[in-house]
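Undergrad:
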Amino acid sequence: MDEQLNAAQARDHIEMVARILEESQQRLCAGGEFFVVWGLFGAFVTLLGHFVASRALPSQALWAGLVALIAAIAFSIRRGRILRVESERGSLLQREFFNVLWITIGMGFVANLAVFNIFRGIASAAIWNFADAIVLFYIGMHGNRRAQVAGIAVVVSLVVANFTSGDVGAYVLAAGVFAGYCGFGVAELLSRD
Amino acid sequence: MDDLLLSKIRLGIVAELLTSEWVAFSELHRALDASQGNLGAHLGKLVDSGYIEETKAFVNRRPLTQYRLTSKGRGAFVAHVRQLQSLLKETS
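As you go down the protein sequences, you meet chains A and B in turn.
Residue numbers 1 to 193, in the working numbering, belong to the letters of the first sequence in order.
Residue numbers 1001 to 1092, in the working numbering, belong to the letters of the second sequence in order.
1) Does the contact criterion of 3 or more C-beta pairs under 8 Å hold for the segment 1049–1060 of chain B versus the segment 156–174 of chain A?
2) Do leucine 1032 (chain B) and glutamate 1021 (chain B) have their beta-carbon atoms positioned less than 9 Å apart in this structure?
3) Work out the CA separation of leucine 1006 (chain B) and valine 186 (chain A) for me, nearest whole Å.
4) Spell out the partners DSSP gives leucine 1069 (chain B) in its beta bridges.
5) For threonine 1070 (chain B), which residues in chain A fall below 9 Å Cβ to Cβ?
6) Mind checking glutamine 60 (chain A): buried by the 16 CB within 10 Å criterion, or exposed?
7) Which residues of chain A have a Cβ atom closer than 7 Å to the Cβ of glycine 1100 (chain B), listed in chain order?
8) Below 7 Å between beta carbons is the criterion; list the residues of the segment 56–85 of chain A that meet it against any residue of chain B, in chain order.
9) Contact defined as beta carbons within less than 8 Å: I believe leucine 158 (chain A) pairs with asparagine 129 (chain A). What is the distance between those atoms, to the nearest angstrom?
10) Counting Cβ pairs closer than 8 Å, one from the segment 84–96 of chain A and one from the segment 119–126 of chain A, do we hit at least three?
11) Give a yes or no on whether the C-beta atoms belonging to glycine 180 (chain A) and glycine 32 (chain A) are separated by under 9 Å.
12) Return the residues of the segment 1024–1046 of chain B that lie within a Cβ-Cβ distance of less than 7 Å from chain A, sorted by chain order.
13) Check each residue of the segment 1050–1065 of chain B: if its Cβ is closer than 7 Å to any Cβ of chain A, include it; give the result in chain order.
14) Which stretch, first to last residue, makes up the alpha helix (DSSP H) that contains alanine 89 (chain A)?
15) Using the Cα positions of phenylalanine 35 (chain A) and leucine 1084 (chain B), report the straight-line distance between them to the nearest angstrom.
16) Report the neighbours of glycine 143 (chain A) on chain B: residues whose CB is nearer than 9 Å to its CB, in chain order.
17) Cβ of arginine 11 (chain A) less than 9 Å from any chain B Cβ?
18) Who are the Cβ neighbours of aspartate 12 (chain A) in its own chain at under 7 Å, not counting the five residues just before and after it?
19) If you drop the 5 nearest sequence neighbours on each side, which residues of the same chain put their C-beta closer than 7 Å to that of aspartate 132 (chain A)?
20) If alanine 8 (chain A) and valine 37 (chain A) are in contact, beta carbons under 8 Å, what's the gap, nearest whole angstrom?
21) Starting from the Cα of glutamate 96 (chain A), find the closest Cα among A:His142, A:Met107 and A:Ala53 and give me that residue.
22) Would tyrosine 1051 (chain B) and glycine 1037 (chain B) be called neighbours here (beta carbons separated by less than 9 Å)?
23) Which word fits glutamine 1066 (chain B), buried or exposed, when buried means at least 16 other C-beta atoms lie within 10 angstroms of its C-beta?
24) Let's test the definition: count the other Cβ atoms within 10 Å of the Cβ of alanine 74 (chain A) and tell me whether it reaches 16, buried, or not, exposed.
25) DSSP on alanine 114 (chain A), reduced to helix/strand/coil?
26) What number of angstroms, rounded off, separates the C-alpha of phenylalanine 1077 (chain B) from the C-alpha of histidine 1042 (chain B)?
27) So, with DSSP's three-state summary, where would you put methionine 1 (chain A)?
28) For leucine 189 (chain A) and chain B, any beta-carbon pair shorter than 9 Å?
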């Protein structure tokens, strides 16, 4: 078979493959709208939990968090389907990203609903920031500097909240997830071609 | 070496599919800069050999043909590229 392909042709083929693979290692396109929605959800849930814990709102108000969660999931599924139809290529990297996104959201959900005796009050809110930072750093690992900066902002909010009182801490966490996720989402939307 | 992948365009198709879950015909046409007829013929050979899978659907009343790499195709690509590299080493 080697006689069918000489060294020059083999080099030409290898170079073509290398070029295609290099071009396919495109930066992870995260979908800004998802981050805006989940940033709004994260900040809303954090503040809602804080107001309920401080008795500014009745405990029944927590149902609003569930409604917001369902709305965010419904939006994500619907928008994801539309994007899949509109796009002409489904990247494996993109699929991996959505796996990470769904796992972190799922774990945040479990921590908030099923492990609430361990993650009480502000710890429950901090879980969302923790999960959000993982998602942002995952995107950042694939060359997205905006995601790296946003991830750092979320981590900083966690650290700052740790050294502030409960009231202020909740606002810091909400601001962190809002700035990190919504800020990153808006930046991604603005950078679209 | 793999007979099917000795063709530069077929090797290009498999390389394009390597890092993608799926790729539409129109995107392969754009990426590989081949005529539609020529591309279609090469895709047909790869489908027949089981290296790639073809899915046809209608989206918004427009036909959409997608291709994805099979594990057989992935294995053949890796082995073929290794042999290309060996050939280059032997001759250098």
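Glycine included, every Cβ here is placed at the ideal spot set by N, Cα and C.
Treat the numbers as computed from the prediction; the structure is a model and nothing was measured.
TA: Result, derived from the coordinates:
1) With contact defined as three or more Cβ pairs closer than 8 Å, the segment 1049–1060 of chain B and the segment 156–174 of chain A are not in contact.
2) Your numbering for residue 1021 (chain B) matches position 21 in the second sequence. Your numbering for residue 1032 (chain B) matches position 32 in the second sequence. Not closer than 9 Å, so no.
3) In the first sequence, counting from the first residue as 1, residue 186 (chain A) sits at position 186. In the second sequence, counting from the first residue as 1, residue 1006 (chain B) sits at position 6. Straight-line Cα distance between these residues: approximately 46 Å.
4) Residue numbering aside, residue 1069 (chain B) sits at position 69 when the second sequence is read from its first letter. Note: leucine 1069 (chain B) sits in a beta bridge opposite B:Ile1052.
5) Taking the second sequence and counting its residues from 1, one reaches residue 1070 (chain B) at position 70. Against chain A, a Cβ distance below 9 Å from threonine 1070 (chain B) picks out nothing, because the smallest value is about 14 Å.
6) Indexing the first sequence from 1 puts residue 60 (chain A) at position 60. So glutamine 60 (chain A) counts as exposed.
7) Examination of residue 1100 (chain B) is not possible in this model, given that chain B is present from 1001 through 1092 alone.
8) Identification of residues in the segment 56–85 of chain A having a C-beta nearer than 7 Å to some C-beta of chain B yields Val85, given in sequence order.
9) Counting from 1 along the first sequence, the entry for residue 158 (chain A) is found at position 158. Counting from 1 along the first sequence, the entry for residue 129 (chain A) is found at position 129. The pair is a contact, with the Cβ atoms about 5 Å apart (cut-off 8 Å).
10) A contact is defined here as three or more CB-CB pairs under 8 Å, and the segment 84–96 of chain A fails this definition with respect to the segment 119–126 of chain A.
11) Counting from one through the first sequence, the residue named residue 180 (chain A) turns up at place 180. Counting from one through the first sequence, the residue named residue 32 (chain A) turns up at place 32. For glycine 180 (chain A) and glycine 32 (chain A), no; Cβs fall outside 9 Å.
12) Under the 7 Å Cβ criterion, the segment 1024–1046 of chain B contributes Ala1024, Ser1026 and Glu1027.
13) Interface annotation for the segment 1050–1065 of chain B against chain A: Val1059, criterion Cβ-Cβ distance under 7 Å.
14) Position 89 of the first sequence, counting from 1, holds the residue named residue 89 (chain A). Just to set this straight, residue 89 (chain A) is arginine in the shown sequence, not alanine. Run containing arginine 89 (chain A): none in the alpha helix (DSSP H); it sits in the beta strand (DSSP E), 89–91.
15) For the purposes of this step, residue 35 (chain A) is identified with residue 35 of the first sequence, where counting begins at 1. For the purposes of this step, residue 1084 (chain B) is identified with residue 84 of the second sequence, where counting begins at 1. If I take the Cα positions, the gap works out to 44 Å.
16) Here residue 143 (chain A) refers to the residue found at position 143 when the first sequence is read from its first residue. For glycine 143 (chain A), there are no neighbours in chain B by C-beta distance under 9 Å, as the nearest C-beta there is about 15 Å away.
17) Translated into the one-based positions of the first sequence, residue 11 (chain A) becomes position 11. Yes, arginine 11 (chain A) lies at the interface with chain B (some Cβ there is under 9 Å from its Cβ).
18) Mapped onto the first sequence, residue 12 (chain A) falls at position 12. Counting only Cβ-Cβ distances below 7 Å, and skipping sequence neighbours, we find nothing.
19) Taking the first sequence and counting its residues from 1, the one referred to as residue 132 (chain A) is at position 132. Short of 7 Å from the beta carbon of aspartate 132 (chain A), and not among the five residues preceding or following it, lie these beta carbons of its own chain, in chain order: Gly42, Val154, Val177, Gly180 and Tyr181.
20) By 1-based counting over the first sequence, the position of residue 8 (chain A) is 8. By 1-based counting over the first sequence, the position of residue 37 (chain A) is 37. About 53 Å separates the two Cβ atoms, so there is no contact after all.
21) By 1-based counting over the first sequence, the position of residue 96 (chain A) is 96. Closest option to glutamate 96 (chain A), Cα to Cα, is A:His142.
22) As a working mapping, residue 1051 (chain B) is identified with position 51 in the second sequence. As a working mapping, residue 1037 (chain B) is identified with position 37 in the second sequence. It is not a contact, given that the beta carbons lie outside the stated cut-off.
23) Translated into positions along the second sequence, residue 1066 (chain B) becomes position 66. Classification for glutamine 1066 (chain B): buried.
24) Taking the first residue of the first sequence as 1, we reach residue 74 (chain A) at position 74. By the 10 Å Cβ count, alanine 74 (chain A) comes out exposed.
25) Residue mapping note: residue 114 (chain A) aligns to position 114 of the first sequence, counting from 1. When secondary structure is reduced to three states using DSSP, alanine 114 (chain A) falls in the coil class, being assigned neither helix nor strand.
26) Within the second sequence, numbered from 1, the residue matching residue 1077 (chain B) stands at position 77. Within the second sequence, numbered from 1, the residue matching residue 1042 (chain B) stands at position 42. One C-alpha to the other measures close to 15 Å.
27) In the first sequence, residue 1 (chain A) corresponds to position 1, counting from 1. Residue confidence is low: methionine 1 (chain A) scores 44 on pLDDT, short of 50, so the model does not pin down where it sits. No coordinate-derived value is stated.
28) Working through the first sequence from its first residue, we reach residue 189 (chain A) at position 189. Closer than 9 Å: no.
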